[in-house]
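Asker:
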Amino acid sequence: KTAAGGVGAGSLVREVCRESWRVRMEEKQTASGGLTKSGRAGGASMRQQLTDIEGELARQHEECSRLGKRTEVLEAEDTRIQSMAQSLVSDLQAKLRDDLADLRQELGIKLEEQAAENKRLTHQVTGLRDENLSLQERVSDLERKVRTIQEELTE
2 KTAAGGVGAG SLVREVCRES WRVRMEEKQT ASGGLTKSGR AGGASMRQQL TDIEGELARQ
62 HEECSRLGKR TEVLEAEDTR IQSMAQSLVS DLQAKLRDDL ADLRQELGIK LEEQAAENKR
122 LTHQVTGLRD ENLSLQERVS DLERKVRTIQ EELTE
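Convert by adding 1 to the 1-based position in the sequence shown; the result is the number in my numbering.
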């Protein structure tokens, strides 16, 4: 079965090849060289199978196209989030530097307290990076699905 729920194109092609071979053997055995009734039925069956294969390939192509568009959307979203995350990191680092300098000058906060704030902000940055990695994994999963469908189409 394919991801779209149909029969895989590769197995249909193999079945058509077997049927074609069977029909050729029957033709060779027919003394007049004409098609037997079963040979004509086999040819109709092969034509139907070819039509089915063409339909399945069209469905697979549509699914690949849909997944490709979805992947593009996710990649654009990932790029946007990465850009936002980088901007947030820069803003947070700048804010941290400003806050630490102000706190030192205005409040005389001890160095240990400043280190604790730095650690907290670093943890936030790590959280943003983890979220970004999660989105990248989602994109990779979709890319793998697209490759799987493309491989099925080539079978």
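By construction, the Cβ of each residue, glycine as well, lies at the ideal position given by its N, Cα and C atoms.
Does the count of Cβ pairs from the stretch 139-154 and the stretch 80-87 closer than 8 Å reach three?
Answerer: Contact between the stretch 139-154 and the stretch 80-87 is absent, because fewer than three Cβ pairs lie under 8 Å.
Asker: What's the gap between the Cα of residue 67 and the Cα of residue 115?
Answerer: Roughly 50 Å separates the two Cα atoms.
Asker: Under the rule that 16 or more other beta-carbon atoms within 10 Å means buried, what is residue 106, buried or exposed?
Answerer: Exposed, by the Cβ-count rule.
Asker: Just to confirm before moving on: does the CB-CB distance between residue 17 and residue 50 stay below 7 Å?
Answerer: Yes, the Cβ-Cβ distance between residue 17 and residue 50 is below 7 Å.
Asker: How should residue 87 be labelled, buried or exposed, when 16 other C-beta atoms within 10 angstroms of its C-beta is the threshold for buried?
Answerer: So residue 87 counts as exposed.
Asker: Would you say residue 76 and residue 150 are within 7 Å of each other, going by their C-beta atoms?
Answerer: Cβ distance not < 7 Å, so residue 76 and residue 150 don't count as in contact.
Asker: Measuring only the C-alpha atoms, how far is residue 89 from residue 126?
Answerer: Between residue 89 and residue 126, the C-alpha separation is close to 8 Å.
Asker: Find out if the Cβ-Cβ distance for the pair residue 53, residue 136 is shorter than 7 Å.
Answerer: Going by C-beta atoms, residue 53 is not nearer than 7 Å to residue 136.
Asker: With 16 other CB atoms within 10 Å as the buried threshold, where does residue 156 fall?
Answerer: By the 10 Å Cβ count, residue 156 comes out exposed.
Asker: Just to confirm, are residue 61 and residue 154 a CB contact at a threshold of 7 Å?
Answerer: In this structure, residue 154 lies closer than 7 Å to residue 61 by Cβ.
Asker: Taking the C-alpha atoms as reference points, what is the distance between residue 132 and residue 122?
Answerer: If you take the alpha carbons of residue 132 and residue 122, they lie about 15 Å apart.
Asker: Grouping DSSP H, G and I as helix and E and B as strand, with all else coil, what is residue 1?
Answerer: With the chain covering 2 to 156 only, the question about residue 1 has no answer from this structure.
Asker: On a Cα-Cα basis, can you pick out the residue from 12, 71, 104, 20 that is closest to residue 147?
Answerer: Cα-wise, what sits closest to residue 147 is 71.
Asker: Does DSSP put residue 156 in a helix, a strand or coil?
Answerer: Reduced to three states, the DSSP call for residue 156 is coil.
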